[in-house]
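Novice:
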Amino acid sequence: MPRIADTIIVGDRGNPVTAASLSRMVRLKLRELGVTGYSIHGLRKNAGNEIAEAGGTEREIMVRLGHKNPLMAAHYTKRASQGKSMRSAVEKLERARALKVANSRTEQG
């Protein structure tokens with residue numbers, strides 16, 4: 002269908018899908034496919050994480066996911082910040098180990 006509004010997903014009749022109907026559609030499709038352990042909420046959570054990882058602000062996350070309270074958006078940005086800090090710490094540790102190995106070879110050789 003051509004996109005004529007902010008609505009991306011529409012039902013069989015061309016009307017915007019509600020949160021409840023989308024959740025039901027996903028649940029039924031997953032059941033039909035025999036997939037367990039996933040939900041529509043998980044997709045929303047992943048979207049929040051992805052926006053935060055891409056540098057999205059709390060306000061941008063709130064607007065995109067429909068949060069009324071900034072606490073949940075802050076959760077996503079905090080997780081993204083922790084993830085970036087963790088990756089940075091691992092990179093520093095790897096550089097330090099490589100430097101230590103290189104120095105010990107220089108001292109021995």
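Remember, this note's numbering sits 1 above the position in the sequence shown when you count from 1. We treat Cβ as the ideally placed atom computed from N, Cα and C, and that holds for glycine. Values in this document were obtained by computation on a predicted structure and should not be read as measured data.
Could you spell out the range, first to last residue, of the alpha helix (DSSP H) harbouring PRO17?
Specialist: Taking the first residue of the sequence shown as 1, we reach residue 17 at position 16. Counting along the chain, PRO17 falls outside any alpha helix (DSSP H), and DSSP gives it neither H nor E.
Novice: What residue range is occupied by the uninterrupted alpha helix (DSSP H) comprising TYR77?
Specialist: Taking the first residue of the sequence shown as 1, we reach residue 77 at position 76. From DSSP, the alpha helix (DSSP H) with TYR77 extends over 71-109.
Novice: Quick one: is ALA74 buried, meaning 16 or more other Cβ sit within 10 Å of its Cβ, or exposed?
Specialist: The residue you call residue 74 lines up with position 73 of the sequence shown. It is buried - the Cβ of ALA74 has at least 16 other Cβ atoms within 10 Å.
Novice: Exposed or buried, ALA81, counting other C-beta atoms within 10 Å across all chains shown (16 or more means buried)?
Specialist: Taking the first residue of the sequence shown as position 1, residue 81 is located at position 80. Result: buried.
Novice: Using only CA atoms, which one of ALA48, ARG32, GLY84 lies nearest to GLY67?
Specialist: Locating residue 67 in the sequence shown gives position 66, counting from the first residue. It is ALA48.
Novice: If you drop the 5 nearest sequence neighbours on each side, which residues of the same chain put their C-beta closer than 6 Å to that of ILE62?
Specialist: By one-based count along the sequence shown, residue 62 stands at place 61. Excluding sequence neighbours, ILE62 sits near GLY49, ILE52, ALA74, TYR77.
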